[in-house]
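Working notes for the structure below.
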Amino acid sequence: AVVSTQSGHYGRGIGPMIFHHPGHILNNTSKFHSRDIIYPFDYSATRIFWSTEDVGKRCSYDCSIDVKNEAPLFKMSYQKQGKTGDIENVCVDALWKEILNSIAELRSKTPDILSIHVKFHKGTFLHGLTERNVLRIIEGLPGSDKLEGYTFCYGRIETVTLEHLVPFNPSQSARTEKYTKHTKRFACVFVSNTREVLMFLYFVFRLVYEWVYMLHATAVYL
1 AVVSTQSGHY GRGIGPMIFH HPGHILNNTS KFHSRDIIYP FDYSATRIFW STEDVGKRCS
61 YDCSIDVKNE APLFKMSYQK QGKTGDIENV CVDALWKEIL NSIAELRSKT PDILSIHVKF
121 HKGTFLHGLT ERNVLRIIEG LPGSDKLEGY TFCYGRIETV TLEHLVPFNP SQSARTEKYT
181 KHTKRFACVF VSNTREVLMF LYFVFRLVYE WVYMLHATAV YL
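In terms of the working numbering, the sequence shown opens at residue 1 and continues consecutively.
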């Protein structure tokens, strides 16, 4: 579902997270990916997590990835004491550890409230980088096939060639697709005139075929 955040940004809701933009893969340096994780530049998402001020409330943490000294810089914006707090760090785990420590300290002072264990929360997951649906989108970004040393979770994307193109259905109808002979698209885009010509030739062929079939059936009957 499409939802909005406190900052007025729109995105797609994925569980307790709102996904805004997948970003861009920078494959000219190895600092923007590891063996298991990709850090796309200009990535943005919003995590709905426990508040650092009230144990009974949740707040929005706007997460993003920028560049600093040719390396990823992880940023976060959230509401703190009625104002927007901005923090950044070159390590995503260290960035979220600051938030987790504040939440854990607040909950430890409140009776009958379950505490959170900081060591069991990963910054990469809270930032949304290892979430299944987001990871599938990130691995499909242009340039992902050139990442050296990265292990794909959903398989390396193959280069699209003419042999992988979807067959062309001249009838333009799913119902008659099984009655047609598929032809490969030797061009990625067909102009409207060419498509109309193909449709005309197909229907002429069908008309001639049915006419010949009727003549043959009549001759056999007589």
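For every residue, glycine included, the Cβ atom is placed at its ideal position computed from N, Cα and C.
* Hey, D86 and G123 are a contact pair by Cβ (cut 8 Å); roughly how many whole angstroms apart? -> With 8 Å as the limit, D86 and G123 do not qualify as a contact, their Cβ atoms being about 17 Å apart.
* Asked: S64 to S108, Cα distance in whole Å?
  -> Their backbone Cα atoms lie some 29 Å apart in a straight line.
* Compute the Euclidean distance between the alpha carbons of H33 and I103, then round it to the nearest angstrom. => 29 Å
* Alpha-carbon spacing of E105 relative to Y39, whole angstroms -> As the crow flies, the alpha-carbon of E105 is around 30 Å from that of Y39.
* To do: Please classify E105: does DSSP put it in a helix, a strand, or coil?
  => helix
* Asked: Rounded to whole angstroms, how far is the Cβ of R47 from the Cβ of P22, which I believe are closer than 8 Å?
  -> At roughly 16 Å, the Cβ-Cβ gap does not stay under 8 Å, so R47 and P22 are not in contact.
* Please state if the CB of C59 and the CB of Y78 are separated by a distance shorter than 8 Å. => Yes.
* Measure the alpha-carbon distance for D36 versus P111 and round it to whole angstroms. => 39 Å
* Asked: Nearest-angstrom Cα distance between I138 and L207?
  -> 49 Å
* **DSSP state of E139 mapped onto helix, strand, coil** => helix
* What is the rounded straight-line gap between the Cα of I25 and the Cα of K119? -> 29 Å
* Does the Cβ of I18 have 16 or more other Cβ atoms within 10 Å, making it buried, or fewer, making it exposed? -> buried
* Got a sec? Which residues, its chain only, sit under 8 Å from V191 by beta carbon, not counting five neighbours each side? -> Residue confidence is low: V191 scores 42 on pLDDT, short of 50, so the model does not pin down where it sits. No coordinate-derived value is stated.
* Proximity to T52 [Cα-Cα], best of K97, L215, E131 and R136 -> K97
* Asked: Under a Cβ-count criterion, where at least 16 other Cβ atoms within 10 Å of its own Cβ denotes burial, should A45 be classed as buried or exposed?
  -> That one is buried.
* **Start-to-end residues for the alpha helix (DSSP H) that takes in F125** => G123 to L126
* So what's V134 in DSSP terms, helix, strand or just coil? -> helix
* Could you spell out the range, first to last residue, of the beta strand (DSSP E) harbouring N89? => K83 to N89
* Q129 versus L135 - alpha carbon distance -> Note on identity: in this sequence residue 129 is Leu, with Gln being the wrong assignment. Distance from the CA atom of L129 to the CA atom of L135, rounded to whole angstroms, is 6 Å.
* Using the beta-carbon count (16 or more within 10 Å), is Y150 buried or exposed? -> Buried.
* Asked: What number of angstroms, rounded off, separates the C-alpha of V160 from the C-alpha of Y154?
  -> Below a pLDDT of 50, predicted positions are generally treated as unreliable, and V160, at 40, falls in that range; the measurement from the model is reported next regardless. Rounded to the nearest angstrom, the two C-alpha atoms are 17 Å apart.
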